[in-house]
Amino acid sequence: MVVDSKDPDLLKLELVNVPGGAFAFELAAKFCYGSNFEITTANVAHLRCVAEYLEMTEDYQEENLIFRTETYLNEFVLKNLDKSLEVLCKCDGLDPTVEEVGLVDRCVDAIAMNASKEQLVSGLAHLECHVGSGKLHMHSQDWWVEDLSALRIDHYRRVIAAMRRTGVRPESIGTSITHYAQTSLKGVERRHVWDSGPFVGDDQRMIVETLIDLLATENITTVTLSFLFGMLRMAIEVDASLDCRIEVEKRIGLQLEMASLDDLLIPSTQTSDSMFDVDTVHRILVNFLQRINEDDSGELSPCGYDSEGLKSPSHSSILKVGRLMDGYLAEIAPDPYLKLQKFMALIELLPDYARIVDDGLYRAIDIFLKAHPSLTESECKKLCKLIDCQKLSQDASSHAAQNDRLPIQMVVRVLYFEQLRLKSSFSGGGSGGCGDGGLSQRFVCNSGVPSSCVSPQRDNYASLRRENRELKLEISRMRVRLTELEREQGLMKQQGMRGGDGRAGEHGRAFLASLSRGFGRISMFGGPAAEEKRRRKKSSRSSQGSEGKKNRRRQKASFAYD
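This is how it looks when you write it as structure tokens:
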């Protein structure tokens, strides 16, 4: 450089882009002047790169710095997992020279190969211990799982890919990814709904996207469901790419039946949206149903059951998800900012056979109606149509019959199906009913699936139980009638006090008449006992009328004879 400068008065040289900076150059200068220093794992990467920069090859001196560093790497570093990992960590800040000399690739391959060898040796040792002692010993966790968290994210990705190629256990890789995410993302705080704008830097976003991409490209399936939900929340927080979020949602959808309610309660980051991220849960549910359809491969009965009955894995999974979604709907229903369309979309997404009983759905809809009093009558009707009144339990039916928030059509349907249920219970076990069995049995029978439905025994206990249920239902109906009449009476009094022209009275009488006709129609669906009672009354009246006519004729005849 002095010769090339052609400046006789040159007193200062400026070295540009020296790998390792002043620290590495000082070590190289000490080597040139014969000063003693030790090559270690902490400085070998710097020495190798600065020697490459200064062209300290064998052409100028035997056993030059490049030769010395390569010897140390081959004999001491690359044969040991711990030292290879430490040298790879020291490669930060040495780009691009460290890539040009191939030091990163050699350290990555050495880490993967040594990890694979250690697992193989530990596995053989475990096998010998198991055969010799006859006792089962658990595998100890690989020590390098935590140490890998110190790597830069791009180096870490290359190490995981190399481990997959060399056959490292997937469980160890999954544990390593989980630990890396917990270590590198622990400083990311949850963003509130009212916060706006970018919240975290590009480094954390890159870490999230890289880890999610690793799960997809390396086909890693050993991570837990809670970790996937954590990565999904983190991807939302750091505003990761849509492809990353979709990938995590697909993986969650593959095992949604094992999720908990707290997992689904993902806070929304949109300022003008609801409190919870309903769209994300909707997409997860779509992925789950697609998996169910693929598993069933179109061989289901119209009710969704396979030929083996109710014990198929897919049906068991969808029943669990049905209960999970009912709980989720009940949790998000009180949100005043939740739109009716999103709420209904979640309900309509699940098929009918996902719920044996609609009590959970009824509870969620009732909470939504209470939290959204501004809904129109047509919207309430549309929402309540999603409830199958035949699948409501006795307690839910009694509550619905007295619920003022429900449309009158919904109440009428509930009372109608309760009448049918009573009629079925009184008629006993016939060809078309399931008797007094549970709701799940009755639903299976109505679906046409072969099952072991049997009629109930007509003992005293069953008879008392049916009478008790009939009395409760009658009390519920009377309460509904009384509530409607009191409301209409109060309305007529208010309008009468205001000096109305009588139209309110006529309107009230018309309403009472229509209400009486409506309940008259409902009473037509009474049980056999009520029908038998009406026939007896009719026959007694006709017999009394005929007897009266005969007596009058006899009296007339005797009078004429006298």
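Counting in UniProt numbering, the sequence shown runs from 1 upward without gaps. For glycine and all other residues, C-beta sits at the position ideal for the given N, C-alpha and C.
Any idea if residue i is buried or exposed, counting beta-carbon neighbours within 10 angstroms, 16 or more meaning buried?
| i | result |
| --- | --- |
| I173 | buried |
| residue 604 | The question about residue 604 has no answer, for the chain in this structure spans 1 to 562. |
| H130 | Summary for H130: the model assigns pLDDT 47, below 50, so the residue's position carries little reliability, and this model does not support an answer. |
| C32 | exposed |
| K30 | exposed |
| T175 | buried |
| V44 | buried |
| T71 | exposed |
| E128 | Any reading at E128 must be qualified, since the residue scores a pLDDT of 49, below 50, and its modelled position is unreliable; the value itself is stated next. Per the 10 Å Cβ criterion, exposed. |
| S378 | exposed |
| M478 | exposed |
| K83 | buried |
| E38 | exposed |
| P336 | exposed |
| T483 | exposed |
| E99 | exposed |
| S316 | exposed |
| N403 | buried |
| T183 | exposed |
| E55 | exposed |
| I475 | exposed |
| D366 | buried |
| D105 | exposed |
| D7 | exposed |
| R487 | exposed |
| M325 | buried |
| Q419 | buried |
| residue 563 | Nothing about residue 563 can be reported from this structure: the residues present for the chain run from 1 to 562 only. |
| L232 | buried |
| I292 | buried |
| Y60 | exposed |
| V281 | buried |
If you follow the alpha helix (DSSP H) that residue i is in, where does it begin and where does it stop?
| i | result |
| --- | --- |
| T210 | 202 to 217 |
| P170 | 170 to 184 |
| C89 | 81 to 89 |
| C389 | Per DSSP, C389 belongs to no alpha helix (DSSP H) and is neither H nor E. |
| V101 | Taken as a continuous stretch (DSSP letters only), V101 belongs to no alpha helix (DSSP H), as it is neither H nor E. |
| S397 | 394 to 401 |
| W144 | 144 to 147 |
| M344 | 340 to 349 |
| V2 | 2 to 5 |
| F368 | 359 to 371 |
| A152 | According to the sequence displayed, residue 152 carries Arg and not Ala. That residue, R152, is in no alpha helix (DSSP H); it is neither H nor E in DSSP. |
| K250 | 242 to 253 |
| Y53 | 44 to 53 |
| A28 | 21 to 32 |
| A235 | 225 to 237 |
| Y337 | Run containing Y337: none; DSSP gives neither H nor E here. |
| Y72 | 65 to 72 |
Based on the DSSP secondary-structure assignment, which residues constitute the bridge partners of residue i?
| i | result |
| --- | --- |
| P267 | F276 |
Tell me, to the nearest whole angstrom, how far the beta carbon of residue i is from that of residue j; I am working on the premise that it is less than 8 Å.
| i | j | result |
| --- | --- | --- |
| V50 | A22 | With 8 Å as the limit, V50 and A22 do not qualify as a contact, their Cβ atoms being about 10 Å apart. |
| I332 | A354 | Their Cβ separation, rounded to whole angstroms, is 18 Å, which puts I332 and A354 out of contact at 8 Å. |
| Y330 | A364 | Note that residue 330 is Ala in the sequence shown, not Tyr. Correct: roughly 4 Å between the Cβ atoms. |
| L349 | L264 | The pair is not a contact, with the Cβ atoms about 14 Å apart (cut-off 8 Å). |
| E159 | R205 | The sequence shown places Val at residue 159, not Glu. Not a contact, Cβ separation roughly 21 Å. |
| W144 | A115 | 6 Å |
| L15 | F25 | 7 Å |
| L47 | L73 | The Cβ separation is near 10 Å, so there is no contact. |
| T210 | R157 | 6 Å |
Please indicate yes or no: does the CB of residue i lie closer than 6 Å to some heavy atom of the ligand HEM?
| i | result |
| --- | --- |
| L148 | As presented, the structure is devoid of all ligands, the ligand HEM included, so that no description of it is given. |
Check: Between the segment 158 to 176 and the segment 110 to 122, are three or more C-beta pairs nearer than 8 Å?
Finding: The segment 158 to 176 vs the segment 110 to 122: in contact.
Margin query: Assess contact between the segment 246 to 264 and the segment 208 to 228, defined as three or more Cβ pairs (one per stretch) separated by less than 8 Å. Is contact present?
Written below: Contact between the segment 246 to 264 and the segment 208 to 228 is present: three or more C-beta pairs spanning the two stretches fall below 8 Å.
Item checked: Touch test, the segment 347 to 359 against the segment 387 to 396, Cβ-Cβ under 8 Å, three pairs minimum -> Flag = yes, the segment 347 to 359 and the segment 387 to 396 touch.
Check: Do the segment 146 to 157 and the segment 71 to 90 meet, that is, are 3 or more Cβ pairs less than 8 Å apart?
Finding: Taking 8 Å as the limit for Cβ pairs, the verdict is that the segment 71 to 90 does touch the segment 146 to 157.
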